[in-house]
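Count along the sequence shown starting at 1, add 2, and that's the number in the numbering used here. Shown next, in structure tokens, is the structure this report addresses.
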Amino acid sequence: MNTPELTGFTGFTGRTAIVTGASRGIGLAIAQTLAAGGANVILTSRTREHADEAAKQVSGPAGTAAVGYQAHATDEEAARACVDFAVERFGSLDILVNNAGTNPAYGPLIDIEKSRFAKTLDTNLWGPILWTSLAVKAWMGEHGGAVVNTASIGGIQVAANLGVYNASKAALIHVTKQLALELAPKVRVNGVAPAIERTRLAEGLFAGREDAVAATYPLGRIGEPDDVASAVAFLASDAAAWITGETLTIDGGALLGQAGA
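Spelled out as structure tokens, the structure:
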């Protein structure tokens, strides 16, 4: 089953977005959706090559731009420079999507090394706080804006061997609410919580058994990056102008199936 072509969300003309972790998968799909809606988009990645290559794949209406920028999610100096670049190059920073994430700590929670625990929390939790802080202080705090954090249904449920990752995403869901309270009314902060999506990062979770995994979802398929991108675009748009502090579950009904088990 193919996801429908995204034809909505045309209200981003004149706005500027930063999408972290945008070199592939969900981040790249988010960048493309925002660009298609008229936004200028800055795509970050840990490497210049990957950032620039991703930007070449993104296109929007005439007069818009997609720019790659090398910045690790937890590198404060690079993050500050990226935020400043957005404001200087495009004159505003209206949308921030904290999409960068990592999962180096696979296994039972009691066996995880402290260094892997710290890396996971640093990227998945501190990173979004850092980028949001910089965006608010550079532009959004005075002029307004929308922040969207990429969490996971792992932040809502438990799963074997994913304890550190899921804990980081549960914390991010809480931080989304906390920031929404602290930054209102100028800045809206929301999140998305995807299930398994068809990305390289998640491929190991369904490789060789895609039909069986798809059958566990009430909607009968594995998610696509565009499924998440369309939800992010909605939350970043004026259509969600009275929504803040929410994390939207994008899971094909997966949690419904668990609730009924």
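In this text, a Cβ means the ideal position worked out from N, Cα and C, and glycines have one as well.
Quick check on this structure: which residue in Thr22, Pro227, Thr12, Gly193 has the alpha carbon closest to the alpha carbon of Arg82?
The residue with the shortest Cα to Cα distance from Arg82 is Thr22.
Between the alpha carbons of Ile198 and Ala231, how many angstroms are there, rounded?
If you take the alpha carbons of Ile198 and Ala231, they lie about 14 Å apart.
Which of helix, strand or coil does DSSP assign to Asn126?
Reduced to three states, the DSSP call for Asn126 is helix.
Just the C-alpha distance for Thr178 and Gly247, rounded to the nearest angstrom, thanks.
Rounded to whole angstroms, Thr178 to Gly247 spans 6 Å at the Cα level.
Expressed to the nearest angstrom, what Euclidean distance is found between the alpha-carbon atoms of Leu181 and Glu55?
If I take the Cα positions, the gap works out to 32 Å.
Quick one: grab the DSSP three-state call for Pro227.
Correct three-state label for Pro227: helix.
Could you tell me the alpha carbon to alpha carbon distance between Gly39 and Ala241, rounded to whole angstroms?
Each residue's Cα considered, the two are about 13 Å apart.
Could you spell out the range, first to last residue, of the beta strand (DSSP E) harbouring Arg190?
Counting along the chain, the beta strand (DSSP E) containing Arg190 begins and ends at 189-196.
Could you pull out every unbroken beta strand (DSSP E) segment of at least 3 residues lying fully inside the region 102-176, listed in chain order?
Taking only runs of at least 3 residues, the beta strand (DSSP E) segments lying wholly in the region 102-176 are 147-152.
At the level of alpha carbons, what is the spacing between Phe119 and Ile175?
If you take the alpha carbons of Phe119 and Ile175, they lie about 18 Å apart.
Determine the DSSP secondary structure at Ile28, reduced to helix, strand or coil.
Three-state DSSP puts Ile28 in a helix.
In this structure, does DSSP put Glu199 in helix, strand or coil?
Three-state DSSP puts Glu199 in a strand.
Return the CA-CA distance between Ala162 and Thr66, expressed in angstroms with no decimal places.
Between Ala162 and Thr66, the C-alpha separation is close to 44 Å.
Identify whether Gln59 lies in helix, strand or coil by the three-state DSSP scheme.
Here Gln59 sits in coil by DSSP.
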